[in-house]
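Protein chains in written order, with the working numbering: chain U, 68 to 267; chain G, 68 to 267.
Ideal Cβ placement from N, Cα and C applies to all residues, glycine included.
Remember, predicted model here, so these are calculated numbers, not experimental data.
As structure tokens, the structure follows; a few thoughts come after it.
Protein chains: 2
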Amino acid sequence: MAAPIDFYFDFSSPYGFLASQKIGALAGKYGRSVDWHPVLLGVIFKETAMVPLTMIPLKGEYSKRDFARSARFHGVDFRMPSKFPISSQAPARIVLWLKARDPALAVRVANALYRAYFVEDVDISNPEAAVAIAASLGVDAGEIRTAIGEPAIKEQLKREVEQAMAAGVFGSPYIIVDGEPFWGLDRFDQIERWLATGAF
Amino acid sequence: MAAPIDFYFDFSSPYGFLASQKIGALAGKYGRSVDWHPVLLGVIFKETAMVPLTMIPLKGEYSKRDFARSARFHGVDFRMPSKFPISSQAPARIVLWLKARDPALAVRVANALYRAYFVEDVDISNPEAAVAIAASLGVDAGEIRTAIGEPAIKEQLKREVEQAMAAGVFGSPYIIVDGEPFWGLDRFDQIERWLATGAF
């Protein structure tokens, strides 16, 4: 069986959210599964001297317009959150912790967290809000609340981000298919051809 | 008749080159003409505190791979120039000067300049090389050589770049359709839907 597609994303990334709504169907069409990797762009941007899109002159205004237009273009519900960007440690740790225990549930929770932030305007940087979303999908609230405060998961997320950067990840979404890297929802057309043809 | 599509580009921009190979056919399909606007990203990046893609850690390596892959994906001849990026004053001034005299010739010369740089590896930042390309399409070499050294054209290009920034332009290619801005070759799918439907 072919290797999974690696899908790197930050919970604060609008294009990451849009991509999260499309990646499963695209992979499934070519018999592939998806390995979901939450990362922290805040950490990565320190290394690459980048700043969030919306803070760049001219580009910032354009980006906000493009988030909403791209959502309409791709038929995805989207509302710009009132608090943006946010630190995404809490949701990233939740998904990472669940991945090791129940990968399918981890993906359902990741989708619910992303949707809460980018559709329902829930501030998922708040650990209690993030825990409540996981709990609504059957995760034990007390257990996950304790887990995401422990040094082990913090350390694991730090390693995950380092590994992502070692693999070349500098933005969100970032997708690796059989070693070939693709940055952005707007490379899904190229990803599809790559999956269909093996290369081009 | 519908207004032309505004196409902003820098002669040193790989994605601008790829877009230049596609914009005419896309516009023509919807009965539109294209107004070609050479700009200077070097000037714009100073205002927006941005740096050329290829100089950003991780993103730089990815970009070089993506230029070539995107060219293959879109079926456009492309070779990464040995000198990159370059200052694009000379070709920009040539095109601007020709636009006021023979707009159709200006577009043919723009295409020839872009192709020389991104396919034949000619350093078009060299005024003599740029003049020779224009001359090969029938432009008087002596006249254009003199024109691009004069204060009038330098001042005009400066104003053009200021006007582009006032219109929101922060990158290349940047396309404005009936007031709606689109950044990047990878927004051509959205541009096409906008042209087809009037909005979405």
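Residue environment for Asp188(G): exposed (fewer than 16 other C-beta atoms within 10 angstroms of its C-beta).
Secondary-structure assignment with DSSP links Phe76(G) through a beta bridge to Pro105(G). The way I'd put it, the region 181–198 of chain G doesn't touch the region 243–257 of chain G; fewer than three beta-carbon pairs between them come closer than 8 Å. Of the residues assessed, Met147(U) falls on the exposed side of the cut-off, its CB having fewer than 16 other CB atoms within 10 angstroms. Chain G has no Cβ within less than 8 Å of the Cβ of Phe76(U). Contact annotation for Pro105(U) against chain G: no contact, minimum CB-CB distance about 18 Å [criterion: below 8 Å]. Close partners of Leu125(G) in chain U (Cβ separation under 9 Å): Ile111, Glu114, Thr115, Met232, Gly235, Val236, Phe237, Gly238.
The region 74–91 of chain U makes contact with the region 172–187 of chain U: 3 or more CB pairs, one atom from each, lie closer than 8 Å. Here Phe78(G) is near Tyr181(G), since their CB atoms are less than 8 Å apart. With a beta-carbon spacing of about 6 Å, Leu172(G) and Leu165(G) fall inside the 8 Å limit used to define contacts. Residue contact with chain U for Asp144(G): absent (no Cβ-Cβ distance below 8 Å to any residue of chain U). For the pair Asp144(U) and Ala138(U), the Cα-to-Cα distance works out to about 7 Å. Out of Ala266(G), Leu262(G), Arg254(G), the CA that lies nearest to the CA of Ser130(U) is found in Arg254(G).
For Glu187(U), the three-state secondary structure derived from DSSP is coil. When Cβ pairs closer than 8 Å are counted between the two stretches, the region 228–237 of chain U is seen to touch the region 102–118 of chain U, the count reaching three or more. Judged by DSSP in its simplified three-state form, Pro71(U) adopts coil rather than helix or strand. Taking a beta-carbon distance threshold of 8 Å, Gln257(U) counts as an interface residue toward chain G. Neighbourhood of Arg139(G) in chain U, by CB distance below 7 Å: Phe267, in chain order. Flagged as an interface residue toward chain G: Asp253(U), by a C-beta distance shorter than 8 Å. Under the Cβ criterion of 8 Å, Arg136(U) is counted among the residues facing chain G. Residues of chain G with a Cβ closer than 8 Å to the Cβ of Glu128(U) are, in chain order, Gly235.
Distance from the CA of Ile258(U) to the CA of Val244(U), rounded to the nearest whole angstrom, comes to 8 Å. Look at Glu247(G) here: in three-state DSSP terms it is strand.
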